[in-house]
Amino acid sequence: MRVSDQAFIDDPYPTFAAMRAEAPVQWSDELGMYVALSYDAVSQVLRTRTLGRIWEDFAPGSAFEQINLIHRHALLEMEPPDHTRLRRLVATAFSRGHVERLRPRVAALAAELADDVADAGSGGSAVDLLSVYAEPLPVAVIGELLGVPRDDWPLLRPWSNAIVKMYEYDRSPESDAAAEQAASEFAGYLRELAAVRRTRLGDDLISDLLRVQDADGQKVTDDELIATGILLLNAGHEATVNTTGNGLAALLQRPDQLTTVREGLSDPAVIAAAGEEMLRFDGPLQLFERTATAPTEIAGTTIEAGQKIAALLGSANHDPAVFADPAAMDVTRDPNPHVGFGLGIHFCLGAPLARVEIQTSLQTLLARFPALRLAAEPRHRPEFVIRGLEQLQVTTR
Ligand code: HEM
Numbered sequence: 035m036r037v038s039d040q041a042f043i044d045d046p047y048p049t050f051a052a053m054r055a056e057a058p059v060q061w062s063d064e065l066g067m068y069v070a071l072s073y074d075a076v077s078q079v080l081r082t083r084t085l086g087r088i089w090e091d092f093a094p095g096s097a098f099e100q101i102n103l104i105h106r107h108a109l110l111e112m113e114p115p116d117h118t119r120l121r122r123l124v125a126t127a128f129s130r131g132h133v134e135r136l137r138p139r140v141a142a143l144a145a146e147l148a149d150d151v152a153d154a155g156s157g158g159s160a161v162d163l164l165s166v167y168a169e170p171l172p173v174a175v176i177g178e179l180l181g182v183p184r185d186d187w188p189l190l191r192p193w194s195n196a197i198v199k200m201y202e203y204d205r206s207p208e209s210d211a212a213a214e215q216a217a218s219e220f221a222g223y224l225r226e227l228a229a230v231r232r233t234r235l236g237d238d239l240i241s242d243l244l245r246v247q248d249a250d251g252q253k254v255t256d257d258e259l260i261a262t263g264i265l266l267l268n269a270g271h272e273a274t275v276n277t278t279g280n281g282l283a284a285l286l287q288r289p290d291q292l293t294t295v296r297e298g299l300s301d302p303a304v305i306a307a308a309g310e311e312m313l314r315f316d317g318p319l320q321l322f323e324r325t326a327t328a329p330t331e332i333a334g335t336t337i338e339a340g341q342k343i344a345a346l347l348g349s350a351n352h353d354p355a356v357f358a359d360p361a362a363m364d365v366t367r368d369p370n371p372h373v374g375f376g377l378g379i380h381f382c383l384g385a386p387l388a389r390v391e392i393q394t395s396l397q398t399l400l401a402r403f404p405a406l407r408l409a410a411e412p413r414h415r416p417e418f419v420i421r422g423l424e425q426l427q428v429t430t431r
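Reading the sequence shown from the start, the letters are residues 35 to 431 in our numbering.
In structure tokens:
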């Protein structure tokens with residue numbers, strides 16, 4: 035496995051299959067950590083409490099002040115007891131009707147974006163579904179969720195794009211500097227937004243994060259509020275864009291699967307099953323690291339304290355021990371216990387919202403364009419951890 039090799043990035047699943055057949059857990063010289071490949075090993079990595087998300091500041095600290103600040107206070111980078119406290123507060127704020135509030139907005143936004151696709155594709159020209167349809171939707175949804183004014187939505191995606199480059203293994207001084215700059219601007223923006231909300235609370239999530247307190251009166255701190263806003267945009271956006279992009283590309287390449295979805299377009303259960311298979315078949319998030327806080331055995335291999343192990347979600351989701359014919363896309367797969375949203379204490383907090391977005395965008399697009407077809411072979415971006423396409427060129431007539 036060479037994570038910088040374009041052939042591996044284009045299709046990592048045969049490499050995963052060959053490695054998984056050798057051993058469920060292996061050492062990677064390239065990553066300097068163990069990798070878990072089987073469904074069972076990945077599940078254990080995500081559930082074992084002596085394997086934690088232990089945040090280490092990016093160095094040098096002087097170059098990454100804001101990047102480090104927004105991660106140190108983020109739910110995703112914490113372990114109990116801090117994680118337990120903050121997750122409870124954020125989950126409480128999230129559960130105050132935001133998914134229900136956003137459901138009709140997601141449908142309206144998807145319909146608006148489908149109009150843009152129709153305009154761009156009129157006259158038979160090719161349209162990039164990624165930039166015209168898949169990318170704007172999750173950004174708009176997070177904008178609505180956080181109560182960011184619509185005029186400012188265009189700021190969000192470039193910030194998020196720049197920050198998530200920090201999670202790849204082939205960073206450059208330019209991408210590092212852009213990430214720090216983006217973190218600084220984004221944090222500043224959210225601080226101002228929170229200050230405005232404090233004067234008049236609304237029905238958005240920032241307002242609910244300012245309202246919630248736990249049984250002993252503890253509230254979300256200012257830094258946690260900023261870090262949560264940024265985490266929600268980053269976590270909630272890149273993964274959703276690329277689930278839609280990867281999934282639509284896979285469907286458009288498989289006419290039989292596309293027909294099955296089209297025939298069930300008015301049946302929410304068919305769309306839901308297709309959405310789950312998109313997450314399993316070619317998921318957007320391939321790797322999550324954990325660090326051992328004590329010697330921990332996973333599938334016969336001991337991870338010593340301080341050593342790292344990566345859960346390869348895409349490999350787990352293609353394990354033949356759990357999924358029959360895993361290399362085939364099957365939009366009717368049932369059950370489909372994929373680990374695309376993770377497992378254990380860090381299980382994706384936004385999964386219900388992500389599912390609404392994936393299902394609505396799929397349904398809206400296919401209903402609107404009965405003749406949707408690929409106009410060019412989709413190409414992957416040269417990044418492994420966040421797996422996505424460069425473009426998705428289609429024609430609509
Ligand atoms: C298809 C879309 C999505 C996928 C595949 C996805 C996947 C994941 C995964 C795998 C994790 C766990 C990471 C780990 O264990 O280290 C996670 C955590 C998280 N996700 Fe998502 N996610 C998606 C969309 C969203 C959305 C829309 C939101 C919010 C609006 C969101 C918010 C979060 C948060 C806050 C966490 C951290 C939870 C914690 O640490 O307790 N995600 N997500």
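Don't be surprised by glycine CBs; every beta carbon is placed ideally from N, CA and C.
From a predicted model like this one, the values you see are computed outputs, not experimental measurements.
Classification of residue i by the beta-carbon crowding that lies within 10 angstroms, buried from 16 upward
i           : result
residue 399 : buried
residue 235 : exposed
residue 357 : buried
residue 329 : exposed
residue 314 : buried
residue 69  : buried
residue 277 : buried
residue 186 : exposed
residue 238 : buried
residue 320 : buried
residue 421 : buried
First through last residue of the alpha helix (DSSP H) which encompasses residue i
i           : result
residue 394 : 385-402
residue 176 : 170-180
residue 291 : 289-297
residue 198 : 187-198
residue 99  : 99-106
residue 124 : 116-128
residue 419 : Per DSSP, residue 419 belongs to no alpha helix (DSSP H) and is neither H nor E.
residue 31  : For residue 31 there is no data in the structure shown, the boundaries of the chain being 35 and 431.
residue 241 : 239-245
Spatially closest choice to residue i from the options, by CA coordinates
i           : options               : result
residue 205 : 38, 381, 412 and 391  : 38
residue 44  : 420, 69 and 416       : 416
residue 424 : 244, 360 and 169      : 169
residue 82  : 325, 371 and 35       : 325
residue 387 : 113, 174, 107 and 46  : 174
residue 97  : 303, 342, 281 and 218 : 218
residue 413 : 133, 142 and 283      : 283
residue 346 : 64, 41, 80 and 63     : 80
residue 349 : 203, 341, 227 and 316 : 316
residue 183 : 201, 259 and 240      : 240
Rounded C-alpha distance that separates residue i from residue j
i           : j           : result
residue 77  : residue 105 : 24 Å
residue 367 : residue 256 : 44 Å
residue 48  : residue 309 : 23 Å
residue 179 : residue 135 : 9 Å
residue 215 : residue 411 : 34 Å
residue 363 : residue 395 : 19 Å
residue 306 : residue 295 : 10 Å
residue 223 : residue 213 : 15 Å
residue 196 : residue 365 : 33 Å
residue 339 : residue 297 : 52 Å
residue 402 : residue 279 : 17 Å
residue 323 : residue 431 : 44 Å
residue 221 : residue 198 : 15 Å
residue 419 : residue 318 : 8 Å
residue 209 : residue 138 : 37 Å
residue 10  : residue 230 : Past the boundaries of the shown model lies residue 10; the chain is included only from 35 to 431, so the question cannot be answered.
residue 55  : residue 107 : 39 Å
residue 302 : residue 376 : 24 Å
residue 405 : residue 300 : 17 Å
Nonlocal neighbours in the same chain, by C-beta distance under 7 Å from residue i, ignoring five residues either side
i           : result
residue 172 : 270, 271, 274, 275 and 391
residue 267 : 176, 190 and 194
residue 429 : 155, 158, 160, 407 and 409
residue 75  : 58, 59, 332 and 333
residue 109 : 117, 120, 121, 124, 262 and 265
residue 86  : 113, 324, 325 and 327
residue 360 : 352, 353 and 354
residue 144 : 171, 394, 395 and 398
First through last residue of the beta strand (DSSP E) which encompasses residue i
i           : result
residue 89  : First-last for residue 89: undefined, no H or E at that position.
residue 322 : 321-326
residue 67  : 67-70
residue 40  : Element bounds for residue 40: not the beta strand (DSSP E) but the alpha helix (DSSP H), 40-44.
Close-in-space but distant-in-sequence residues of the same chain around residue i (CB under 6 Å, 5 per side omitted)
i           : result
residue 242 : 127 and 130
residue 91  : 102
residue 292 : 285
residue 372 : 313, 314 and 351
residue 281 : 312
residue 382 : 375 and 376
Residues near residue i in its chain [Cβ-Cβ closer than 8 Å; skip 5 each side]
i           : result
residue 95  : 102
residue 166 : 147, 150, 151 and 154
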